[in-house]
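Heads up, the sequence shown is in the working numbering, so the first residue is 60 and it goes up one at a time.
Just so you know, even glycine gets a beta-carbon here, dropped at the ideal spot from N, CA and C.
The structure appears below as structure tokens.
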Amino acid sequence: MLEVRDLVAGYGLTRVLEGVSLQVGAGEIVAVLGSNGAGKTTLNMAVSGLVRPRAGEVRFEGANITGRSPAEIMGLGLIQVPEGRKIFPNLTVRENLELGSYRRAKANRARNLERVFLTFPRLKERVAQAAGTLSGGEQQMLAIGRGMMAEPKLLILDEPSLGLSPLLVEEMFGLIRRLHSEGLAIMLVEQNVAQSLDIADRAYVLENGGFALSGPAAQVREDPELKRAYLGL
Ligand code: ATP
Numbered sequence: 060m061l062e063v064r065d066l067v068a069g070y071g072l073t074r075v076l077e078g079v080s081l082q083v084g085a086g087e088i089v090a091v092l093g094s095n096g097a098g099k100t101t102l103n104m105a106v107s108g109l110v111r112p113r114a115g116e117v118r119f120e121g122a123n124i125t126g127r128s129p130a131e132i133m134g135l136g137l138i139q140v141p142e143g144r145k146i147f148p149n150l151t152v153r154e155n156l157e158l159g160s161y162r163r164a165k166a167n168r169a170r171n172l173e174r175v176f177l178t179f180p181r182l183k184e185r186v187a188q189a190a191g192t193l194s195g196g197e198q199q200m201l202a203i204g205r206g207m208m209a210e211p212k213l214l215i216l217d218e219p220s221l222g223l224s225p226l227l228v229e230e231m232f233g234l235i236r237r238l239h240s241e242g243l244a245i246m247l248v249e250q251n252v253a254q255s256l257d258i259a260d261r262a263y264v265l266e267n268g269g270f271a272l273s274g275p276a277a278q279v280r281e282d283p284e285l286k287r288a289y290l291g292l
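Structure, rendered in structure tokens:
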């Protein structure tokens with residue numbers, strides 16, 4: 060579904076990604092792991108068209124989307140839920156959700172809104188509340204709900220567990236598993252290595268601008284170097 064080949068990206072004189080390649084197949088959860096500043100968000104933004112790649116190629120469902128605009132890319136069904144949620148704090152929950160279908164799946168807005176409320180009953184209870192007054196966990200649900208409004212084919216989640224209490228982190232991973240069981244392909248960009256490996260089919264570990272390790276999640280979890288550096292074992 061998604062194929063990234065030899066991608067180079069950065070900012071000004073800084074090169075962050077030094078030629079990374081990865082794939083996400085239909086129906087897969089693929090985890091992209093790495094510590095702070097490893098370049099996970101940069102990879103996400105280069106795939107979504109928010110950072111222009113300096114070299115390499117991004118293909119989505121067979122089409123070359125390298126260098127296309129974010130609006131065009133999201134129109135194809137490659138939807139990202141950004142790090143830090145980026146909701147509109149002064150708009151209500153409903154307005155934030157409706158904006159998710161501004162460019163895609165507008166005709167199905169009412170139906171998709173009901174689907175989001177079914178997944179997140181808490182959002183339904185707070186539909187008229189200003190989004191900025193939601194709790195951190197509720198804001199993350201809203202950001203994911205907004206992504207769902209666009210009927211994603213591939214959903215990129217950038218650090219969905221960031222800033223959540225351990226209980227809410229559990230809930231968030233449970234939700235990701237549920238979305239996956241409904242057939243959605245997910246690229247999960249995370250620092251939370253242990254829990255991401257539990258739900259992912261495959262994983263890539265980003266270090267120093269490249270993938271230091273990749274493979275089936277069960278295999279990556281057993282890597283001695285990963286255990287030492289990321290799991291403290
Ligand atoms: P985190 O988990 O902390 O969010 P990350 O893996 O997502 O980290 P990136 O946000 O991709 O990391 O950042 C990678 C590197 O690029 C960092 O050193 C960061 O300082 C740098 N960087 C990010 N955005 C910019 C920018 N707009 N201009 C210059 N440098 C940037």
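beta-carbon residue i near the ligand MN non-hydrogen atom, thresh 7 Å
{"i": "VAL63", "result": "Here the bound small molecules are the ligand ATP; the ligand MN is not part of this structure."}
Three-state secondary structure assigned by DSSP to residue i
{"i": "ASN123", "result": "strand"}
{"i": "PHE179", "result": "coil"}
{"i": "LEU135", "result": "coil"}
{"i": "PRO112", "result": "coil"}
{"i": "PHE147", "result": "coil"}
{"i": "VAL279", "result": "helix"}
{"i": "ALA259", "result": "coil"}
{"i": "SER240", "result": "helix"}
{"i": "GLY159", "result": "coil"}
{"i": "GLU142", "result": "coil"}
{"i": "GLN254", "result": "helix"}
{"i": "GLY291", "result": "coil"}
{"i": "MET246", "result": "strand"}
{"i": "ARG64", "result": "strand"}
{"i": "SER273", "result": "strand"}
Rounded separation between residue i and residue j - CA only
{"i": "ASP260", "j": "GLY84", "result": "10 Å"}
{"i": "SER160", "j": "ARG127", "result": "20 Å"}
{"i": "HIS239", "j": "ILE245", "result": "7 Å"}
{"i": "ASP118", "j": "THR125", "result": "In the sequence as presented, Asp is not what sits at residue 118; that position holds Arg. Straight-line Cα distance between these residues: approximately 7 Å."}
{"i": "ASP217", "j": "LEU182", "result": "20 Å"}
{"i": "ASN103", "j": "ARG168", "result": "26 Å"}
{"i": "LEU302", "j": "VAL106", "result": "Beyond the ends of the chain as shown, which are 60 and 292, falls residue 302; an answer cannot be given."}
{"i": "ASN95", "j": "LEU221", "result": "12 Å"}
{"i": "ILE132", "j": "LEU292", "result": "40 Å"}
{"i": "PHE179", "j": "ILE203", "result": "10 Å"}
{"i": "GLY121", "j": "ARG170", "result": "29 Å"}
{"i": "LEU172", "j": "MET200", "result": "13 Å"}
{"i": "ALA130", "j": "GLU142", "result": "18 Å"}
{"i": "GLY108", "j": "LEU247", "result": "17 Å"}
{"i": "ASP282", "j": "LEU290", "result": "11 Å"}
{"i": "ILE215", "j": "VAL110", "result": "15 Å"}
{"i": "ARG74", "j": "ASN123", "result": "23 Å"}
C-beta atoms of residue i and residue j nearer than 8 Å
{"i": "GLU210", "j": "LEU92", "result": "no"}
{"i": "GLY195", "j": "ARG163", "result": "no"}
{"i": "GLY242", "j": "GLY86", "result": "yes"}
{"i": "MET208", "j": "LEU156", "result": "yes"}
{"i": "ALA97", "j": "LEU213", "result": "no"}
{"i": "THR101", "j": "LEU76", "result": "yes"}
{"i": "ALA68", "j": "ARG113", "result": "yes"}
{"i": "ALA288", "j": "LEU256", "result": "no"}
Cβ distance (whole Å) where residue i is taken to contact residue j below 8 Å
{"i": "VAL152", "j": "PRO219", "result": "Rounded, the Cβ-Cβ distance is 18 Å, inconsistent with contact."}
{"i": "VAL89", "j": "ALA262", "result": "7 Å"}
{"i": "ASN251", "j": "VAL279", "result": "About 14 Å separates the two Cβ atoms, so there is no contact after all."}
{"i": "ARG185", "j": "GLU197", "result": "7 Å"}
{"i": "LEU150", "j": "GLY115", "result": "Incorrect: roughly 36 Å between the Cβ atoms, too far for contact."}
Q) Is it true that the segment 178-192 meets the segment 143-150, where meeting means three or more beta-carbon pairs spaced less than 8 Å apart? A) Contact between the segment 178-192 and the segment 143-150 is present, because at least three Cβ pairs lie under 8 Å.
Q: Count the CB pairs spanning the segment 70-81 and the segment 261-270 that are closer than 8 Å, and state whether there are at least three.
A: Judged by Cβ distances under 8 Å, the segment 70-81 makes contact with the segment 261-270, as three or more pairs qualify.
Q) Are at least three pairs of beta-carbons, each pair with one atom in the segment 62-69 and one in the segment 228-237, less than 8 Å apart? A) Contact fails between the segment 62-69 and the segment 228-237, because fewer than three Cβ pairs, one in each stretch, are under 8 Å apart.
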